[in-house]
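**Student:** Before I ask anything, here is the structure I am working with.
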Amino acid sequence: KAERADGARPPVAEWIRVVGAREHNLANIDVEIPKRRLTVVTGVSGSGKSSLVFDTIAAEAQRQLHETLPAFVRGFLPSYGHPAVDLIENLAAVIMVDQRRLGGGARSTVGTITDIAPLLRLLFSRAGTPHVGTSDAFSFNLPAGMCPACEGLGTITDVDMDAFLDPSRSLNEGALLAPAFKVGTWQWQVYGGSGRFDPDKPVRDYTEEERHALLYGTDGSVRIGTNGQQINATYEGAVVKFRRLYIQKDSAEMGERTRQMAGRFTTSVGCAECGGARLSRAALDCRVRGHGIAELSAMEATRLLDVLATFDLPDVAPVVEALTTRVGHLVDIGLGYLSLDRATDTLSGGESQRIKIVRHLGSTLTDMLYVFDEPSTGLHARDVRRLTDLLLRLRDNGNTVLVVEHDRDVIAAADHVLDIGPEAGSGGGRVVFAGDVAALSSADTPTGRHMRSRTRLKDEVREPTGSLAVVGARAHNLRDLSLEIPTGVLTVVSGVAGSGKSSLVHKVFLAQHPDAIVVDQTAPSANRRSTTATYTGALDPIRKAFAKANGVSPALFSANSAGACPACEGMGVIYTDLSYMAGVVAPCETCEGRRFTSEVLAYRLDGATISDVLEMTVGQACEFFAKNRSVGPILRAVVDVGLDYLRLGQPLTSLSGGECQRIKLASYLHRRGAVYVLDEPTTGLHMSDVARLLGVLDHLVDDRASTVIVIEHDLDVIAHADWVVDLGPDGGSAGGQLMFQGRPADLLSASGSHTATYLRHALG
Ligand code: ADP
Ligand code: ADP
Ligand code: ZN
Ligand code: ZN
Numbered sequence: 032k033a034e035r036a037d038g039a040r041p042p043v044a045e046w047i048r049v050v051g052a053r054e055h056n057l058a059n060i061d062v063e064i065p066k067r068r069l070t071v072v073t074g075v076s077g078s079g080k081s082s083l084v085f086d087t088i089a090a091e092a093q094r095q096l097h098e099t100l101p102a103f104v105r106g107f108l109p110s111y112g113h114p115a116v117d118l119i120e121n122l123a124a125v126i127m128v129d130q131r132r133l134g135g136g137a138r139s140t141v142g143t144i145t146d147i148a149p150l151l152r153l154l155f156s157r158a159g160t161p162h163v164g165t166s167d168a169f170s171f172n173l174p175a176g177m178c179p180a181c182e183g184l185g186t187i188t189d190v191d192m193d194a195f196l197d198p199s200r201s202l203n204e205g206a207l208l209a210p211a212f213k214v215g216t217w218q219w220q221v222y223g224g225s226g227r228f229d230p231d232k233p234v235r236d237y238t239e240e241e242r243h244a245l246l247y248g249t250d251g252s253v254r255i256g257t258n259g260q261q262i263n264a265t266y267e268g269a270v271v272k273f274r275r276l277y278i279q280k281d282s283a284e285m286g287e288r289t290r291q292m293a294g295r296f297t298t299s300v301g302c303a304e305c306g307g308a309r310l311s312r313a314a315l316d317c318r319v320r321g322h323g324i325a326e327l328s329a330m331e332a333t334r335l336l337d338v339l340a341t342f343d344l345p346d347v348a349p350v351v352e353a354l355t356t357r358v359g360h361l362v363d364i365g366l367g368y369l370s371l372d373r374a375t376d377t378l379s380g381g382e383s384q385r386i387k388i389v390r391h392l393g394s395t396l397t398d399m400l401y402v403f404d405e406p407s408t409g410l411h412a413r414d415v416r417r418l419t420d421l422l423l424r425l426r427d428n429g430n431t432v433l434v435v436e437h438d439r440d441v442i443a444a445a446d447h448v449l450d451i452g453p454e455a456g457s458g459g460g461r462v463v464f465a466g467d468v469a470a471l472s473s474a475d476t477p478t479g480r481h482m483r484s485r486t487r488l489k490d491e492v493r494e495p496t497g498s499l500a501v502v503g504a505r506a507h508n509l510r511d512l513s514l515e516i517p518t519g520v521l522t523v524v525s526g527v528a529g530s531g532k533s534s535l536v537h538k539v540f541l542a543q544h545p546d547a548i549v550v551d552q553t554a555p556s557a558n559r560r561s562t563t564a565t566y567t568g569a570l571d572p573i574r575k576a577f578a579k580a581n582g583v584s585p586a587l588f589s590a591n592s593a594g595a596c597p598a599c600e601g602m603g604v605i606y607t608d609l610s611y612m613a614g615v616v617a618p619c620e621t622c623e624g625r626r627f628t629s630e631v632l633a634y635r636l637d638g639a640t641i642s643d644v645l646e647m648t649v650g651q652a653c654e655f656f657a658k659n660r661s662v663g664p665i666l667r668a669v670v671d672v673g674l675d676y677l678r679l680g681q682p683l684t685s686l687s688g689g690e691c692q693r694i695k696l697a698s699y700l701h702r703r704g705a706v707y708v709l710d711e712p713t714t715g716l717h718m719s720d721v722a723r724l725l726g727v728l729d730h731l732v733d734d735r736a737s738t739v740i741v742i743e744h745d746l747d748v749i750a751h752a753d754w755v756v757d758l759g760p761d762g763g764s765a766g767g768q769l770m771f772q773g774r775p776a777d778l779l780s781a782s783g784s785h786t787a788t789y790l791r792h793a794l795g
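Add 31 to the 1-based position in the sequence shown for UniProt numbering, that's all there is to it.
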């Protein structure tokens, strides 16, 4: 059994044993995972890694935990189905650390989510001067500490005067733009029909007093109405009224349309009372060694660590120490550029996952099973080492760490490697290698070969056809950068996490060049009815082919026709929604998952039913429809982006972020002369998938005369670029500068660039 050559740790005493795993494409496999070790599961995209790690091992751990709950509690939870596996032995309680973004709204910040904020509050309540009270008095989420004006949000929603009022118009001409004040309505009469204001005078000609009375007055009453139907109403200025009716009201009580309407006439502005710091005056005035809590919360973690080091406070030494450890974890994991007050909903998927790691590093629970999904996402080669150190630290705390990963350096740090493959879909699902890294490096598998291979520069780079200017980029940490992005070539924007790549590309470049096409990782549709076949547009010509072969209407083969199974409406599965938790999916019993009525299933095309076709992978369907001039090209584009293993009827909701990005890319392959922006397209890709992705990007540039701009850390992609824009040198305020722009070969001699250092290293 796998043992590291260093022999520092005792032999593995226990293994998690998985017997007969069959979920999705898994080929009835047996797998063993050493307990209290770091195991990396790798393999090409679609080979079955997630099916094994998440859908089998983690799912079974959750199911067993669920079984231990009292029946009464279980009644409130979704019922977990058995994963398709015979047996799993020696399982531990599982903690999944995934890339789902941290929601939580405005009240959730880096500080609150990592539990660093409570420690900081404790510090101020114990060591702050003047002494203000308990730690609650420093929390913007509790009445004792929140700024009374903004209730701890730091911003105030108020009427957006530009949208609300058109001063060039009179009241009769509809100067008040909100529908509530439409000319002629009762609400409008208060202003335009009460004699208080001249209804024909444009508002910009009002005196200061008149304008104030119109918008903010709250004095006396008015008589409104016509034809004897007169009533007395209390006068209220238009803004005051709008605030009362639509802003101060709980938005949950408003209908969706009202909410949208209110949104159009309001804007969010920084709170003047607390300056956006969210806290009460007393909390803001309190000082520890001259520093305020808002100041410390707004500092980048790296700087905060320096300040904490100067806190020589014997009475609260344990608190300072705990703070130092936690903030140190943030820095260690490459997030030193974040501040504690950063709202978590502004973090990327990779940043979110790393924040979750920090939260767990503080945990003293042992013997847990930690499961990670590609934790190197968004990390520069420089920071991968820090990540692996943290994974090893979790292991050394007595936990089993199971990581799905493609990064060479993370794989190299593993105690044990499982290589799933050899290919994707039905060509995969088997264990092609299990053992330690030394053995993997000499194994004849795609992963083994890539572990031995070296990054190489291209012999020749392309000549640009022109350029796109980026002028005066100052978003976030960018230091007023101006540069040119060459057209007709592949440009990679590189730099460590937090250096400003997204800010440059998403905030500035896209604002200055809005016609560029962003191919991102968000799901193309949240609708379960969307499948590979519907999204790519392959289904229409497929239905036509079925109709033609059988002399019936194409509509019969549509999921929203009478031909679809009435029980599942053509989905083959039944979803049970649970309002606040993940829903449950079960195969449809009426059609046994075949989606259509038996009448429709009697129609065949070259021997296959429509249900058979929807069960085909894109690769299989490509052969099946090879001669069909409408279907063939669509499916070949999907194969070209490396998604040949997807099933035609597979719901898009089951796709990972990387897969979503690639299926979107497939839908653009026929366009010409476009500008594409891709953010870390190698996410979820095995080293051997990256070569294929590069082929697709080359195709866009060479055959489609397009410009491709990619934010990327992968050194193979950087080496393959025609042009590199490197930002740095570090993250946050220590970044935001242009370190280099030019050809990859010239990057090698750039000084001060971390990318240059690691690229030199990878080229060997
Ligand atoms: P990996 O994690 O290695 O990229 P997955 O385990 O996600 O691979 O996928 C393995 C195979 O199972 C692929 O062919 C994929 O299309 C299929 N698959 C994954 N999820 C589902 C699902 N929810 N329904 C049907 N097939 C799925
Ligand atoms: P990269 O893409 O290179 O990882 P980013 O452009 O995301 O870097 O970040 C650059 C800097 O801008 C960092 O200091 C980051 O914390 C800051 N930043 C990014 N997004 C936001 C945001 N929504 N609010 C405040 N600061 C942000
Ligand atoms: Zn405030
Ligand atoms: Zn059905």
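Glycine residues also receive a C-beta, built at the ideal position from the N, C-alpha and C atoms.
Since this is a predicted model, take the numbers as computed values, not measurements.
Along the chain, where does the alpha helix (DSSP H) containing Ile278 start, and where does it finish?
**Tutor:** Taking the sequence shown and counting its residues from 1, one reaches residue 278 at position 247. First-last for Ile278: undefined, no H or E at that position.
**Student:** Please name the residue or residues paired with Asp404 in a DSSP beta bridge.
**Tutor:** As a position in the sequence shown, residue 404 is number 373, starting the count at 1. Looking at the DSSP assignment, Asp404 forms a beta bridge with Val435.
**Student:** As an exercise, report each continuous beta strand (DSSP E) stretch of at least 3 residues that is fully enclosed by the segment 67 to 146, in chain order.
**Tutor:** Entirely contained in the segment 67 to 146, the beta strand (DSSP E) runs reaching 3 residues are, in chain order, 69 to 73, 118 to 120 and 125 to 128.
**Student:** When the distance is taken between beta carbons, is Gly294 closer than 9 Å to Val253?
**Tutor:** If you number the sequence shown from 1, residue 253 lands on position 222. If you number the sequence shown from 1, residue 294 lands on position 263. No. Outside cutoff.
**Student:** Hey, Ile64 and Leu425: beta-carbon distance below 9 Å or not?
**Tutor:** Indexing the sequence shown from 1 puts residue 64 at position 33. Indexing the sequence shown from 1 puts residue 425 at position 394. No, these two residues do not count as a Cβ contact at 9 Å.
**Student:** With 16 as the cutoff for other CB atoms within 10 Å, does Ala595 come out buried or exposed?
**Tutor:** Translated into the one-based positions of the sequence shown, residue 595 becomes position 564. With 16 or more Cβ atoms within 10 Å of its Cβ, Ala595 is classed as buried.
**Student:** I'd like to check one pair, Gly759 with Ser530: are the Cβ atoms closer than 9 Å?
**Tutor:** Residue 530 sits at position 499 when you count from the first residue of the sequence shown. Residue 759 sits at position 728 when you count from the first residue of the sequence shown. Yes. Within cutoff.
**Student:** Can you look up Ala736 in the DSSP assignment and give me helix, strand or coil?
**Tutor:** As a position in the sequence shown, residue 736 is number 705, starting the count at 1. Looking at Ala736 - three-state DSSP - the assignment turns out to be coil, as it is neither helix nor strand.
**Student:** At a cut-off of 8 Å, would you count Leu758 as near ligand 2, judging by its Cβ distance to the nearest heavy atom?
**Tutor:** Start at 1 with the first residue of the sequence shown, and residue 758 comes out as number 727. Correct: Leu758 has its Cβ closer than 8 Å to ligand 2.
**Student:** Does the beta carbon of Leu247 fall short of 8 Å from some heavy atom of ligand 1?
**Tutor:** Walking along the sequence shown from the start, residue 247 turns up at place 216. Checking the displayed sequence, the identity of residue 247 turns out to be Tyr instead of Leu. For ligand 1, not one heavy atom lies less than 8 Å from the Cβ of Tyr247.
**Student:** Just how far apart, CA to CA, sit Ala36 and Glu494?
**Tutor:** In the sequence shown, residue 36 corresponds to position 5, counting from 1. In the sequence shown, residue 494 corresponds to position 463, counting from 1. With a pLDDT of only 44 at Ala36, under the threshold of 50, the placement of this residue in the model should not be trusted, and no figure is reported.
**Student:** Using C-beta distances below 6 Å, list every residue in its chain close to Ala180, excluding the 5 sequence neighbours before and after it, in chain order.
**Tutor:** Within the sequence shown, the letter at position 149 stands for residue 180. So the qualifying residues of the chain are Cys302 and Glu304.
**Student:** Could you give the first and the last residue of the continuous alpha helix (DSSP H) run that contains Pro775?
**Tutor:** Counting from 1 along the sequence shown, the entry for residue 775 is found at position 744. From DSSP, the alpha helix (DSSP H) with Pro775 extends over Pro775 to Leu778.
**Student:** Helix, strand or coil, according to DSSP, for Met292 in the structure here?
**Tutor:** For the purposes of this step, residue 292 is taken as the residue at position 261 of the sequence shown. Helix, per DSSP.
**Student:** Taking 5 Å as the limit, tell me which residues put their C-beta closer than that to any heavy atom of ligand 2, in chain order.
**Tutor:** After applying the 5 Å Cβ criterion, the set is Tyr368, Thr377, His507, Asn508, Ala528, Gly529, Ser530, Gly531, Lys532, Ser533, Ser534 and Gly763.
**Student:** Assign Thr143 to buried or exposed, taking buried as 16 or more other Cβ atoms, counted over all protein chains shown, within 10 Å of its Cβ.
**Tutor:** Along the sequence shown, one-based indexing puts residue 143 at 112. With 16 or more Cβ atoms within 10 Å of its Cβ, Thr143 is classed as buried.
**Student:** Starting from the N-terminal side, write out each stretch of the alpha helix (DSSP H) that is 4 residues or longer and does not extend beyond the segment 571 to 633.
**Tutor:** Whole alpha helix (DSSP H) segments, 4+ residues: 629 to 632.
**Student:** Determine the burial state of Ser82: buried for a count of at least 16 other Cβ atoms within 10 Å of its Cβ, exposed for fewer.
**Tutor:** Indexing the sequence shown from 1 puts residue 82 at position 51. Per the 10 Å Cβ criterion, buried.
**Student:** Any heavy atom of ligand 4 closer than 8 Å to the beta-carbon of residue 817?
**Tutor:** Within the shown structure, residues of the chain are numbered from 32 to 795, placing residue 817 beyond reach of any answer.
**Student:** Please go through the segment 216 to 254 and give each complete alpha helix (DSSP H) segment of 4 or more residues, from N-terminal end onward.
**Tutor:** Within the segment 216 to 254, the complete alpha helix (DSSP H) runs of at least 4 residues are 217 to 223 and 239 to 247.
**Student:** Quick one: what does DSSP say Val163 is sitting in, helix, strand or coil?
**Tutor:** Mapped onto the sequence shown, residue 163 falls at position 132. It is coil, neither helix nor strand.
**Student:** In terms of residues, what are the limits of the beta strand (DSSP E) holding Gly452?
**Tutor:** Here residue 452 refers to the residue found at position 421 of the sequence shown. Taken as a continuous stretch (DSSP letters only), the beta strand (DSSP E) holding Gly452 covers His447 to Gly452.
**Student:** With ligand 3 as the reference, list in chain order each residue whose Cβ lies under 5 Å from any of its heavy atoms.
**Tutor:** Residues with a Cβ closer than 5 Å to any heavy atom of ligand 3, in chain order: Cys178, Ala180, Cys181, Cys302, Glu304 and Cys305.
**Student:** Quick check on the burial criterion: 16 or more other C-beta atoms within 10 angstroms. Buried or exposed for Phe107?
**Tutor:** Here residue 107 refers to the residue found at position 76 when the sequence shown is read from its first residue. The residue is exposed, with fewer than 16 neighbouring Cβ atoms inside 10 Å.
**Student:** Suppose the cutoff is 7 Å on Cβ atoms and the five residues either side in sequence are ignored; what does the same chain contact list for Met127 look like?
**Tutor:** Stepping through the sequence shown from its first residue, residue 127 is reached at position 96. Here the set comprises Ala89 and Val402.
**Student:** Sorted by chain position, which residues of the same chain lie with C-beta nearer than 6 Å to Pro775's C-beta, five sequence neighbours on each side aside?
**Tutor:** Residue 775 sits at position 744 when you count from the first residue of the sequence shown. Taken in chain order, the residues that qualify are Leu488, Ala750, Ala752 and Val755.
**Student:** For a quick check, are the C-beta atoms of Leu696 and Thr713 less than 9 Å apart?
**Tutor:** Sequence index remark: in the sequence shown, residue 696 carries index 665 (1-based). Sequence index remark: in the sequence shown, residue 713 carries index 682 (1-based). Taking 9 Å as the Cβ cut-off, Leu696 and Thr713 do not qualify as a contacting pair.
**Student:** Is the beta carbon of Thr621 within less than 8 Å of some heavy atom of ligand 5?
**Tutor:** Ligand 5 is not part of this structure, which contains only ligand 1, ligand 2, ligand 3 and ligand 4.
**Student:** Buried or exposed: which applies to Met192, given that a residue is buried once 16 or more other Cβ atoms fall within 10 Å of its Cβ?
**Tutor:** What you label residue 192 is simply residue 161 of the sequence shown in a count that begins at 1. Exposed, because fewer than 16 other Cβ atoms sit within 10 Å of the Cβ of Met192.
**Student:** Which residue comes first and which comes last in the beta strand (DSSP E) that contains Ala465?
**Tutor:** Numbered from 1 along the sequence shown, position 434 holds the residue referred to as residue 465. Note, Ala465: beta strand (DSSP E), Arg461 to Gly466.
**Student:** So, at 6 Å on beta carbons, what are the nonlocal neighbours of Leu645 in its own chain, with the 5 sequence-adjacent residues on each side left out?
**Tutor:** The count along the sequence shown starts at 1 and reaches residue 645 at position 614. Excluding residues within five positions, the ones whose Cβ falls inside 6 Å are Leu679 and Gly680.
**Student:** Start and end of the beta strand (DSSP E) containing Gly680?
**Tutor:** The count along the sequence shown starts at 1 and reaches residue 680 at position 649. Unbroken run through Gly680: none, as it is neither H nor E.
**Student:** Roughly how many angstroms lie between the CA atoms of Ala158 and Asp343, to the nearest whole one?
**Tutor:** If you number the sequence shown from 1, residue 158 lands on position 127. If you number the sequence shown from 1, residue 343 lands on position 312. About 11 Å.
**Student:** Is it buried or exposed for Thr431, if we count other Cβ within 10 angstroms and need 16 for buried?
**Tutor:** Translated into positions along the sequence shown, residue 431 becomes position 400. Counting Cβ neighbours within 10 Å, Thr431 comes out buried, since at least 16 surround it.
**Student:** Run through the DSSP bridge pairs and tell me what Phe771 is partnered with.
**Tutor:** Position 740 of the sequence shown, counted from the first residue, corresponds to residue 771. For Phe771, which the question treats as bridged, DSSP gives the partners Asp757.
**Student:** Measuring only from the beta carbon, is Thr476 closer than 8 Å to any heavy atom that is part of ligand 1?
**Tutor:** Within the sequence shown, residue 476 is the residue found at index 445, counting from 1. It does not: the Cβ of Thr476 is nowhere closer than 8 Å to a heavy atom of ligand 1.
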